[in-house]
Amino acid sequence: MVTKQILLNAEEVAKKHRLNPDQRKKFFKMVKDRYEEMQVHPGEAIGVVTAQSLGEPGTQLTMRTYHYAGVLEMNVTLGLPRVIEIVDARSEPKTPMMTVYLQQEPAQDEEKARQVAARIKMTSFENFVKEVNVDLAELKIIVNLDPPALQEYGVSIEELVEILNKRIKGAAVEQEDEFTLTVDTKKAGLRKLYKFKKALMETRVTGVEGISATMVSRKGEEFVVFTEGSNLKEVFEVPGVDPARTITNDIHEVALVLGIEAARNAIMQELQSAMEGAGVSNVDLRHVMTVADMMCLTGTVSAIGRYGIAGEKAGVLAKASFETPVMHLIDAAMSGEFDEFNSVIANVMIGQPVKVGTGTVRLLMKV
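Structure follows, in structure tokens:
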């Protein structure tokens, strides 16, 4: 029986498109047929159906990296490697990236979109340097600045000195003349001088930590910014960014900044994107939802494996069926663990009726 809410939604669609009586009849019949086709039978073993529905097309996935076309080439892992990253709940993706949506004005103006992209991209001190010399006698680093770079990034020498003094510990940065800075490293000592020079060159001056490159591209009716690297929290604070739509492919970062429900949605989107990018687009969303639900069931993002969901299974035989069975059986025997045979695999292993499908009910005979 079709639910009342679905009928109300169908009625709204029929009114919106001004369907005549014959069209309404065909439309409501189609809704009823689709609803009945999509129902799950009571006791359906959705876990094994999900595994088969994702695993079979998964064999078609290729080991490849997708290249964004544009002025800046950006690599994004898709296909089988990306699916493995997601289900293994890797702490950091191989190619972290963000899709940064913009507010209305910069989203419609390419020049303003590029200005937002420039504010996001991390710029280190070496981008402003023309020449560096080390004075071993005075334990000083003498830096000749590049005036065009200062103009390009919109940073004054006074701002540069202030930022460096704030972020560099154990040294004093001073302006020697118009485009020369001296860094006094006497506190650091001779032994650490060259390490200090390297750290100085890598010091962030502008932009968001962790964003090494940005690219502005048109997506539909608006301009968006793609980034190499991810830092969701800080990017949200950049003027011109729309935080309600901005996304990252780092699922653990999504969970940390936005919570477990957002991480669940991110898993679903990333799995679908990885498979569609490899040419597999016929996987039902509900199978992907089942994987995402299981990975986020405990309130944190867990891997599907012996160190995640499979390792947390309650029964001894269920754990042993996944990986390293001998180890699990020996550990269980030594600690005196008990298996209540609540899982599907445990009952299959000992030849008992499985509690799925017709096995979910108990039959009584009237005598």
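According to the working numbering, numbering within the sequence shown proceeds without interruption in unit steps and concludes at 387. Each residue gets a CB set at the ideal place from its N, CA and C atoms; glycine is no exception. Note that the structure is predicted; figures quoted are calculated from it, not measured.
Closest in alpha carbon position to Ala282, among Thr268, Thr310, Gly328, is Thr268.
The alpha carbon of Glu182 has as its nearest neighbour, out of Thr223, Met142, Gly328, the alpha carbon of Thr223. In this structure, the beta-carbon distance from Thr119 to Phe246 falls below 9 Å. In the structure shown, Lys218 adopts helical secondary structure according to DSSP, grouped into three states. Phe342 has its alpha-carbon roughly 14 Å from the corresponding atom of Asp108.
Linking Glu179 to Lys186 through their CA atoms gives a straight-line distance of about 11 Å. Met315: member of the alpha helix (DSSP H) spanning 305-315, first to last residue.
Under the 8 Å Cβ criterion, the stretch 60-76 counts as touching the stretch 371-387, having at least three qualifying pairs.
Ranked by Cα distance from Thr226, the options Leu383, Glu76, Ala137, Phe48 are led by Ala137. In terms of Cβ geometry, Gly260 and Arg139 form a close pair [threshold 9 Å]. Assigned with DSSP and collapsed to three states, Ser237 falls in strand. Note: Val203 is bridge-paired with Ile161, Val193 in the DSSP secondary-structure output.
Counting C-beta atoms within 10 angstroms of its own C-beta, Asn251 has 16 or more neighbours from the protein chains shown and is therefore classed as buried. The alpha-carbon of Ala275 is positioned some 26 Å away from that of Ala298. The beta carbon of Ile106 sits closer than 8 Å to the beta carbons of Ile271, Ile287, Glu290, Leu291, Ala294 from its chain, once the five residues preceding and following it are set aside; these are given in chain order. Using a Cβ-Cβ distance cut-off of 8 Å, the stretch 296-314 and the stretch 145-155 are not in contact, since fewer than three pairs of beta carbons, one from each stretch, lie closer than that value. Taking the Cα of Ser232 as reference, the smallest distance to any Cα among Gly67, Met221, Phe358, Gly249 is reached at Gly249. Excluding five sequence positions before and after Thr70, the CB atoms of its chain that fall closer than 6 Å to its own CB belong to His307, Thr310, given in chain order.
Around the CB of Val300, 16 or more other CB atoms lie within 10 Å, so the residue is classed as buried.
Selection Asp166, Gly371, Val236, Ala352 evaluated against Glu131 yields Val236 as nearest (Cα-Cα). For Thr70, no beta strand (DSSP E) segment is defined; the enclosing uninterrupted segment is the alpha helix (DSSP H) at 66-78.
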